[in-house]
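> Below you'll find the structure I mean.
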Amino acid sequence: MLNEAKEHLVFELIGLQNSMLKKFTGTLSIHGLGLSDYLVLDKLYHAPHCKIRRSDLAEQVGLTPSGVTRLLNPLEKIGLVTKEANARDARVSLVALSPIGEQVYQEAKASFSQAISSLFESLKPVEINSLVQLLKKI
44 MLNEAKEHLV FELIGLQNSM LKKFTGTLSI HGLGLSDYLV LDKLYHAPHC
94 KIRRSDLAEQ VGLTPSGVTR LLNPLEKIGL VTKEANARDA RVSLVALSPI
144 GEQVYQEAKA SFSQAISSLF ESLKPVEINS LVQLLKKI
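The structure is reproduced here in structure tokens:
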């Protein structure tokens, strides 16, 4: 019986994940971004001086270094991010959020925040905190 309950929970979590992806993908597409693009811009925005090493960025967003490069190339082409040489080590390249990238990020963040609010509008703050604590245990 416990295994059935765990299986049911997994299916509910997968369903929630799919709903969230659909909601966030639609919300961010208005800004010309996918969810992975938004996550990258968010990490860059919160990095010191809006710059980060590619390898660190890859680790933070859960991608391989080559995967993050494939994700960054289109963002660089449209001017949202820039490549910069590391003054201390020429072998290391940095990725920086461009001024246009920061503007797009700020606009997307407002939409993203609204989507989050609507997703959790039926929950009370105490329920959200309880859910966070339960999910941390998994």
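Positions in the sequence shown are counted from 1; adding 43 to them yields the numbering used here.
Don't be surprised by glycine CBs; every beta carbon is placed ideally from N, CA and C.
According to DSSP, residue 127 sits in a beta bridge with which residue or residues?
Within the sequence shown, the letter at position 84 stands for residue 127. According to DSSP, residue 127 bridges with 137.
> Would you tell me roughly how many angstroms separate the C-alpha atoms of residue 166 and residue 59, rounded to the nearest one?
Start at 1 with the first residue of the sequence shown, and residue 166 comes out as number 123. Start at 1 with the first residue of the sequence shown, and residue 59 comes out as number 16. Roughly 14 Å separates the two Cα atoms.
> Which of the three DSSP states is assigned to residue 167 in this structure?
Taking the first residue of the sequence shown as position 1, residue 167 is located at position 124. Three-state DSSP puts residue 167 in coil, outside helix and strand.
> So, at 6 Å on beta carbons, what are the nonlocal neighbours of residue 154 in its own chain, with the 5 sequence-adjacent residues on each side left out?
Numbered from its first residue, the sequence shown carries residue 154 at position 111. Closer than 6 Å at Cβ, skipping near neighbours: 70.
> Out of curiosity, what's the CA-to-CA distance linking residue 49 and residue 161?
Locating residue 49 in the sequence shown gives position 6, where the first residue counts as 1. Locating residue 161 in the sequence shown gives position 118, where the first residue counts as 1. One C-alpha to the other measures close to 27 Å.
> Tell me whether the beta-carbon of residue 147 lies closer than 9 Å to the beta-carbon of residue 76.
The sequence position of residue 147 within the sequence shown is 104, counting from 1. The sequence position of residue 76 within the sequence shown is 33, counting from 1. In this structure, residue 76 lies closer than 9 Å to residue 147 by Cβ.
> Let me know the secondary structure DSSP gives residue 43 once reduced to three states.
The chain is shown from 44 up to 181; residue 43 falls before or after that span and cannot be answered.
> Output the distance between the C-alpha atoms of residue 72 and residue 144, rounded to the nearest integer angstrom.
Residue 72 sits at position 29 when you count from the first residue of the sequence shown. Residue 144 sits at position 101 when you count from the first residue of the sequence shown. Roughly 15 Å between the two C-alpha positions.
> Just list the residues that DSSP pairs residue 96 with in beta bridges.
As a working mapping, residue 96 is identified with position 53 in the sequence shown. BP columns for residue 96 point to 137.
> Does residue 132 come out as helix, strand or coil in the three-state DSSP assignment?
What you label residue 132 is simply residue 89 of the sequence shown in a count that begins at 1. Residue state, collapsed to three classes: coil.
> Quick one: what's got a C-beta closer than 6 Å to residue 125's C-beta in the same chain, skipping five residues either side?
As a working mapping, residue 125 is identified with position 82 in the sequence shown. So the list reads 139 and 141, once near-sequence residues are dropped.
> Do you know offhand how far residue 191's Cα is from residue 51's?
This structure gives no information on residue 191, because the portion of the chain shown stretches from 44 to 181.
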